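Notes to accompany the following structure.
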Amino acid sequence: MSTTHWMYILVGVGCLNLLVLVALFLRRGPHHGIAEQLANNRLELVQQQAQFQQQLLEQLHLQRQQLQQQQQDNLLQVLHKITETQQAARFELSKNLQHQASTLADQVKQLTQSIDQRLKDIAGQVEKRLSDGFEKTNQTFTDIVKRLALIDDAQKKITELSSNVVSLQEVLADKRSRGAFGEVQLTALIRNVVPEQHFSLQHTLSNGRIVDCMLFLPKPSGDIAIDAKFPLESYKKMTDPQMTPEERKLAQRQFKVDIKKHISDIADKYIIANETADGAIMFLPAEAIFAELHAYHPDIVEEAYRRRVWLTSPTTLMAVLTTARSVLKDDATRRQIHLIQEHLIKLADDFSRFRGRFDNLAKHIDQAAVDVKQIHTSAHKISSRFSQIEKVEWLEESD
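So the sequence shown is numbered by this note's numbering: it starts at 4 and just counts up by one.
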């Protein structure tokens, strides 16, 4: 028991003694040795309190000894438990460390094996790539050797082409050869763009003149004459830097005279009223001559417009021929427009018949819908009649 419990017991004993004194006092009466009795009771009470205090102190001392012994025993048990726990923890830790060390060793072994395998794979890939690289390098060297051989052949062909160019220059030096060259270039352009039935090469006109090409176009354009001219000699002298300024000026004058003469010849020979168009085309096979005329000789260009002679180069003639092809296509479409109209009329009749038949079909469908609705109503009435009949029979049976 604790000290507080003993104090409560002591207080209870004192109260009990007080109650005993009060009872004795009430039994003996107020006039019978009250003072003496009180003194005796007080003495007894003091003695009892002293005894109780002595017992309480002894009990407290005993409780302290027991508590100290119990604390020592508990402390020893706790120390013993801590020691056992530490030993178990050390054992478990040692066991875990050994397990982790074993696991780590296995992982290191596996990692080493994986790294060795990876290194072997990398070594194999590197060896393969090196082998492929050597093969590609050898192939590249082989291709380079082949290309060098091709370059040698190309150089030989360039040399041959140079000789051919020289021979072409010799050919173009002749006036008739230049004319033939222009006609060949003109023929190639026309054949690539215009259908065969819409042009004629070396066409003879009503005046007996022969034009290089006659282009047959519908009204209002009409047939257009195309003649090739190649004024190369005066142009070469005019643009030759080795010539003196006086010589180049004379060549320029001659160049203008030649062009004007070609314009005049085409206007006089190849423009015929009621036979050809009111203009003709002069084809210049060289773009440089065409550019020279439009850049530095506007008077010649104006002269050509006035005489209704249209100057063209290979590029501009291609544009003219493309436009002519579109005109021919539109004319063919217009010629076939009556067939299109006939088919449209027939298509309108077919659609009119289709609309009438569709209206009849719609009427039949509407009538069928009405019939179906009426049939549905009749079926509903018949079902109602049958239900009423069944009810009547059931009522008769129940009666």
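Built from N, CA and C at the ideal position, the CB exists for glycine as well. Here the structure is a predicted model, which is why all the values come from computation and not from measurement.
Residues bridged to residue i (per DSSP)
i, result
"His206", "Val214"
"Asp230", "Met285"
"Thr315", "Phe286"
Pair within 8 Å by beta-carbon distance, residue i and residue j
i, j, result
"Tyr273", "Arg310", "no"
"Asp230", "Ala283", "yes"
"Leu2", "Ile262", "This structure does not reach residue 2, given that the chain is present from 4 up to 402, and the question cannot be answered."
"Asn210", "Ile275", "yes"
"Val197", "Leu324", "yes"
"Val330", "Ser224", "yes"
"Pro317", "Gln188", "yes"
"Asp226", "Thr190", "no"
"Ala327", "Leu218", "yes"
"Met246", "Gln255", "no"
Top-ranked residue by Cα proximity to residue i, from the options
i, options, result
"Lys232", "Glu249, Met246, Phe258", "Phe258"
"Arg251", "Glu236, Phe55, Lys263, Lys264", "Glu236"
"Arg338", "Leu96, Ala91, Asp281, Lys222", "Lys222"
"Ala289", "Lys264, Asp352, Asn277, Leu320", "Leu320"
Residue i classed as buried or exposed, judged by whether at least 16 other C-beta atoms fall within 10 angstroms
i, result
"Ile193", "buried"
"Ser287", "Sequence check: residue 287 is Leu here, not Ser. By the neighbour-count rule (16 or more Cβ atoms within 10 Å), Leu287 is buried."
"Phe202", "buried"
"Phe293", "buried"
"Val49", "exposed"
"Asp177", "Its pLDDT being 49, under 50, Asp177 is placed unreliably in this model, and the value from its coordinates should be taken loosely. With fewer than 16 other Cβ atoms within 10 Å, it is exposed."
"Ile266", "buried"
"Ala228", "buried"
"Leu314", "buried"
"Glu186", "buried"
"Tyr1", "With the chain represented from 4 up to 402, any question about residue 1 goes unanswered, as that position is not in the structure."
"Ile392", "exposed"
"Pro301", "exposed"
"Ala152", "exposed"
"Leu342", "exposed"
"Leu79", "exposed"
"Lys244", "Reading the sequence as shown, one finds Pro at residue 244 and not Lys. Exposed, by the Cβ-count rule."
"Pro248", "exposed"
"Arg388", "exposed"
"Ser386", "exposed"
"Ala104", "exposed"
"Ala307", "buried"
"Leu171", "Any reading at Leu171 is ruled out, since the residue's pLDDT is 39, under 50, leaving its predicted position unreliable."
"Thr106", "exposed"
Taking only runs of the alpha helix (DSSP H) that begin and end inside the stretch 38-64, which ones reach a length of at least 4 residues, in chain order? none
Would you mind listing the alpha helix (DSSP H) stretches within the stretch 243-312 that are 4+ residues and don't spill past its ends, in chain order? 248-272, 290-299, 301-309
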